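Q:
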């Protein structure tokens, strides 16, 4: 059993919990009067939002937009932990404690959704004590859960992996998950929408802000040179996002041979320093929720940052 559990945790997916998730979860939990219920709903909502963000990054359609979904008065019969995948059914998000090996599913946690449509199964999510990381531990198909109204004990080691969850959903949706979205699913991601909402986390620091745009910057050391990368972000009227990437040397010109790359639809766009230059600038037009990365490379060294518009 321990080997099974170790293998499952090796395949688990850690995901950052951005401040916007914590704010949304807190606002929703405050609708409940009991402090113990507030805490439980808060943590469950963090798990739900983490699973939702992960599946959307992989290209699955999800829906958390129904007004009654965020109205505590409409949710007396459930634990507010279901995620709708339109056309497929509902996934239940079950939060477990760090290192927990057994989970008790209550009748409320096994409800199948707001309108009682098909229950796809259960995703088990571990929330770190810091509330900054959610780890997707495993998956239990709904077909493997025994019918009944009482509590059910589930051994974490018996769960299927998150990879099995993706295969399970892909088969039902006929979706192929490409390598780029698989890569995003396991990396630390910076959400640019947070910057527009005055939320900053990690090593990116705001340096310029006006009514239309925010510029954040970060320093990178590469091949014994310090490079400053700035991203200027603004939102267009149609909801799309304009991002301007600027790369400069800290105190001097950019080193010859430096390459700056970003994805360009199905290809990669790269600018290379071939002669004396003090700046590289790359404009990007992105749809809301679109993922992209920025890579700096020189002399065999490289660093890559991941973003969601």
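In the numbering used here, the protein residues as written are 159 to 467. Glycine is no exception: its CB is placed at the ideal position from the N, C-alpha and C atoms. Since this is a predicted model, take the numbers as computed values, not measurements.
With a threshold of 7 Å on Cβ separation, who are the neighbours of residue 393 within its own chain once the five nearest residues in sequence on each side are excluded?
A: Apart from the 5 residues on each side of it in sequence, residue 393 sits with its Cβ closer than 7 Å to the Cβ of 354, 399 in its chain, given in chain order.
Q: Could you name each continuous alpha helix (DSSP H) segment of 4 residues or more that falls completely within the segment 336-408, going from the start of the chain to the end?
A: 337-342, 350-354
Q: Excluding sequence positions up to five away, which residues of its chain have a Cβ less than 7 Å from the Cβ of residue 200?
A: Counting only residues of its own chain and dropping the five nearest sequence neighbours on each side, residue 200 has a CB closer than 7 Å to the CB of 183, 184, 187.
Q: Assuming residue 283 and residue 205 make a contact with CB atoms under 8 Å, what is their CB distance in whole Å?
A: 4 Å
Q: For the alpha helix (DSSP H) containing residue 203, name the first residue and the last one.
A: First-last of the alpha helix (DSSP H) with residue 203: 193-215.
Q: Thinking residue 293 and residue 464 are a contact (beta carbons under 8 Å), I'd like their distance in whole angstroms, please.
A: Contact doesn't hold; Cβ gap of about 18 Å is too wide.
Q: Compare the C-alpha of residue 259 against each of 458, 290, 166 and name the closest.
A: 166
Q: Do you know how far the Cα of residue 467 is from the Cα of residue 203?
A: If you take the alpha carbons of residue 203 and residue 467, they lie about 22 Å apart.
Q: Assuming residue 175 contacts residue 346 under a Cβ cut-off of 8 Å, what Cβ separation, rounded to an integer in Å, is found between them?
A: Not really, about 11 Å apart at Cβ, beyond 8 Å.
Q: Give the secondary structure of residue 175 by DSSP, where H, G and I count as helix, E and B as strand, and everything else as coil.
A: coil
Q: Report the residue from 420, 432, 445 whose alpha carbon sits nearest the alpha carbon of residue 454.
A: 420
Q: Hey, residue 413 and residue 456: beta-carbon distance below 8 Å or not?
A: At a Cβ-Cβ threshold of 8 Å, residue 413 and residue 456 count as neighbours.
Q: Assuming residue 223 is part of the beta strand (DSSP E), what are its boundary residues?
A: First-last for residue 223: undefined, no H or E at that position.
Q: When DSSP builds the beta bridges, which residues end up paired with residue 316?
A: Looking at the DSSP assignment, residue 316 forms no beta bridge with any residue, so it has no partner.
Q: Which residues in the same chain as residue 376 place their Cβ atom closer than 6 Å to its Cβ, once the five residues preceding and following it in sequence are excluded?
A: 361, 362, 387
Q: In chain order, what residues of the same chain lie with their CB nearer than 8 Å to the CB of residue 379, ignoring the 5 residues before and after it?
A: 385
Q: Closest by CA to residue 257, which one among 407, 192, 214, 314?
A: 314
Q: When the Cα of residue 364 is compared with those of 447, 239, 389, 181, which residue comes out closest?
A: 389
Q: Can you name the start and end residues of the beta strand (DSSP E) that residue 302 belongs to?
A: Here residue 302 belongs to no beta strand (DSSP E), and DSSP marks it neither H nor E.
Q: Which residues in the same chain as residue 322 place their Cβ atom closer than 7 Å to its Cβ, once the five residues preceding and following it in sequence are excluded?
A: 297.
Q: Using the Cα positions of residue 168 and residue 317, report the straight-line distance between them to the nearest angstrom.
A: Straight-line Cα distance between these residues: approximately 13 Å.
Q: Could you check if residue 415 is buried or exposed, using at least 16 other CB atoms within 10 Å of its CB as the buried criterion?
A: Burial call: exposed.
Q: Would you say the beta carbon of residue 422 is closer than 7 Å to some non-hydrogen atom of the ligand FMN?
A: Absence of the ligand FMN from the depicted structure is noted, as is the absence of any ligand whatsoever, leaving it without description.
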